[in-house]
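All remarks here apply to the structure that follows.
Number of protein chains: 2
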Amino acid sequence: MNNDVSNKVAIIGGTGPQGKGLALRLALAGVSVVLGSRDPAKAAETAQQLIATLAEQDCKADITGLSMEDATKAADDLVILSVPYSGHDATLTALAPLLVGKTLVDIVVPLAPGNPKAVVMPAAGSVTESAQLLLGDDIPVVGALHNVSAVTLNDLSRGINCDILVCGNDLDAKKRVMALIEKMGTQAYNAGLAESARCVEALTPILIRLNISKDVPFSHAGVRICPPDH
Amino acid sequence: MNNDVSNKVAIIGGTGPQGKGLALRLALAGVSVVLGSRDPAKAAETAQQLIATLAEQDCKADITGLSMEDATKAADDLVILSVPYSGHDATLTALAPLLVGKTLVDIVVPLAPGNPKAVVMPAAGSVTESAQLLLGDDIPVVGALHNVSAVTLNDLSRGINCDILVCGNDLDAKKRVMALIEKMGTQAYNAGLAESARCVEALTPILIRLNISKDVPFSHAGVRICPPDH
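Here it is, written out as structure tokens:
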């Protein structure tokens, strides 16, 4: 491990399963990660655990842990938001002034309280659209990484069995996020404007339903875009 | 060809590309099809063309063409609705009395007028939910087959590169539709209640966007549910 990677991404809510899995995958891809948590000591401890997990890998990137605010400040550009939906708007409101000049990558899915097989979409249409409204047009919001299983992200013996549908109103910002995702070895697709998040976010509870179903012979399902059969 | 197949499905709007492709695939799977059109002569002519297309195949099912009303009456159970969204509600209102005791399979996607890369969802949330509201709870509505390319369906040299996400509030009806779909050689998944159609219908313009994009190296994209990588 060393610290000489200029490319540094923040993951806010980085001590949860999704955040930890993304941190591992990004670090393995050579991208340094700063975990942000309400509890900076927990963020630092989680970062040490993740570094230990990667001890036997040829990993050239670093993982550190800070407060949400300091992690946001430390990001070069991309700040990934990975908090439970219940804390989404309050977290963003607090971080908004620090996000000026950066890009928010919103991966939050508005699962129905007590029912992960359903969503309750916010009034704006989707979480991605809510975030864009809340932050204003000067801070680009990109919706991405909603459908990939946290278990898969954390199981480094497996590839990522899920293409990533990326949406948002700023094409350049989407391209930067797609480039980051493709470093993790999976395919990213431009799924259109922020309103496409109404579909993409709502795919997650459908996958969760399939994972729970006794009629489907596997769990941790992903979704892939397929070319025509030959 | 012969007429001794008891299992008979109607396709309303069956002279369009999606309807014709489904008719071919179903007939090849041994399911007889009645195309329904506002113009019964056109329906009969289309049926003859499809039979000619299948002339060299070992096809044991029949394809016929009738008015929308007579095709609905002729169906044993499943009536597939495949009309442009602009005609969806009026068609269903006209056919509603004939659908008592049958199951509606709604495959209509509410593409935005003039922009196939977007949807304008109806007030009920989705077309499937609109149809269920319109028909009342005694006639089950199943949403399905929204994402499969008409070009793919009509190209019998190819398999169907798209899993089918099936949604609706009546589990038995969904199971009958899933069994029909699997006869065509593709996988059907129970994607949950009718409200899941908000996601599934909105996937179609995302696929259309990818088909049009110069950045995606193929057209006629499908979507598949993937087990974990090994």
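Residue numbers (the numbering used here), protein chains in the order written: chain C, 1 to 230; chain X, 1001 to 1230.
Backbone N, C-alpha and C fix where the C-beta goes; we use that ideal spot for every residue, glycine too.
Residue i to residue j span [Cα, whole Å]
i                          : j                          : result
leucine 1153 of chain X    : proline 227 of chain C     : 14 Å
cysteine 1167 of chain X   : alanine 52 of chain C      : 44 Å
threonine 1046 of chain X  : threonine 1015 of chain X  : 6 Å
alanine 113 of chain C     : isoleucine 160 of chain C  : A quick correction: the sequence has proline, not alanine, at residue 113 of chain C. Roughly 27 Å between the two C-alpha positions.
aspartate 1076 of chain X  : glutamate 1129 of chain X  : 23 Å
proline 1084 of chain X    : valine 1109 of chain X     : 8 Å
valine 5 of chain C        : aspartate 62 of chain C    : Caution is warranted here: a pLDDT of 37 is assigned to valine 5 of chain C, below 50, making its placement in the model unreliable, and the coordinate value is therefore given only provisionally. Between valine 5 of chain C and aspartate 62 of chain C, the C-alpha separation is close to 8 Å.
alanine 1303 of chain X    : glycine 1021 of chain X    : The shown model of chain X, from 1001 to 1230, leaves out residue 1303 of chain X, and the question about it has no answer.
serine 1213 of chain X     : leucine 1207 of chain X    : 10 Å
leucine 1095 of chain X    : threonine 1072 of chain X  : 8 Å
aspartate 163 of chain C   : proline 1040 of chain X    : 44 Å
threonine 1204 of chain X  : threonine 1186 of chain X  : 17 Å
lysine 174 of chain C      : aspartate 1070 of chain X  : 50 Å
asparagine 211 of chain C  : alanine 1118 of chain X    : 29 Å
alanine 970 of chain X     : valine 1009 of chain X     : For residue 970 of chain X there is no data in the structure shown, the boundaries of chain X being 1001 and 1230.
leucine 1050 of chain X    : alanine 1044 of chain X    : 10 Å
glutamine 1048 of chain X  : threonine 1064 of chain X  : 7 Å
methionine 1 of chain C    : leucine 156 of chain C     : Note that methionine 1 of chain C has pLDDT 37, beneath the 50 cutoff, so the model's placement of it is unreliable and no number is given.
proline 1017 of chain X    : leucine 81 of chain C      : 43 Å
threonine 1103 of chain X  : valine 1177 of chain X     : 9 Å
lysine 1183 of chain X     : leucine 1165 of chain X    : 15 Å
leucine 1193 of chain X    : glutamine 1132 of chain X  : 11 Å
glycine 1087 of chain X    : asparagine 1115 of chain X : 17 Å
valine 1079 of chain X     : glutamine 57 of chain C    : 56 Å
valine 148 of chain C      : leucine 1066 of chain X    : 46 Å
lysine 42 of chain C       : threonine 1091 of chain X  : 59 Å
arginine 25 of chain C     : arginine 1224 of chain X   : 23 Å
valine 1105 of chain X     : cysteine 1059 of chain X   : 24 Å
isoleucine 181 of chain C  : glycine 13 of chain C      : 18 Å
leucine 134 of chain C     : glycine 19 of chain C      : 22 Å
alanine 967 of chain X     : alanine 1191 of chain X    : Within the shown structure, residues of chain X are numbered from 1001 to 1230, placing residue 967 of chain X beyond reach of any answer.
glycine 136 of chain C     : aspartate 89 of chain C    : 13 Å
histidine 1230 of chain X  : arginine 1038 of chain X   : 51 Å
alanine 23 of chain C      : tyrosine 1189 of chain X   : 32 Å
isoleucine 1107 of chain X : valine 1033 of chain X     : 16 Å
Chain C residues whose Cβ lies nearer than 7 Å to that of residue i
i                         : result
threonine 1152 of chain X : Pro228
histidine 1220 of chain X : Pro228
leucine 1210 of chain X   : Tyr189 and Ile225
Listed by chain order, chain C residues near residue i by CB distance under 8 Å
i                         : result
cysteine 1162 of chain X  : Cys226
aspartate 1215 of chain X : Asn190
Closer than 8 Å at the beta carbon, the chain X residues around residue i
i                      : result
leucine 203 of chain C : Cys1199 and Leu1203
glycine 159 of chain C : Asp1229
leucine 165 of chain C : Ile1206
Interface residues of chain X facing residue i [CB-CB closer than 7 Å]
i                      : result
leucine 145 of chain C : In chain order: nothing, as chain X lies at least about 16 Å away.
Partners in chain C for residue i, counting only beta-carbon separations shorter than 9 Å
i                       : result
leucine 1156 of chain X : Ordered by position in chain C, no residue passes the 9 Å Cβ test against leucine 1156 of chain X, which lies about 12 Å from the chain.
Any non-hydrogen atom of the ligand HEM closer than 7 Å to residue i Cβ
i                       : result
glycine 1021 of chain X : Ligands are entirely absent from the displayed structure, and the ligand HEM is therefore not among its contents.
Stretch-stretch touch, CB-based, cutoff 8 Å, three pairs: the region 1111-1125 of chain X with the region 212-222 of chain C: no
Complete runs of the beta strand (DSSP E) confined to the region 1016-1058 of chain X [at least 3 residues]: 1032-1037
Contact between the region 1123-1139 of chain X and the region 1183-1198 of chain X (3+ Cβ pairs under 8 Å): yes
Runs of beta strand (DSSP E) wholly within the region 78-121 of chain C (minimum 3 residues, chain order): 78-81, 103-106 and 115-119
Cβ contact check for the region 1093-1101 of chain X and the region 1020-1034 of chain X: 3 or more pairs under 8 Å: no
Stretch pair the region 134-153 of chain C + the region 167-179 of chain C: three plus CB contacts closer than 8 Å: yes
Within 9 Å of chain X by C-beta, residues of the region 177-201 of chain C in sequence order: Tyr189, Asn190, Ala191, Gly192, Leu193, Glu195, Ser196, Arg198, Cys199, Val200 and Glu201
Residues of the region 87-118 of chain C whose Cβ lies closer than 8 Å to any Cβ of chain X, in chain order: Lys117 and Ala118
Contact set between the region 1014-1034 of chain X and chain C, restricted to residues whose Cβ is under 8 Å from the partner: none
Every unbroken alpha helix (DSSP H) inside the region 1140-1220 of chain X [4 residues or more]: 1150-1154, 1171-1183 and 1197-1212
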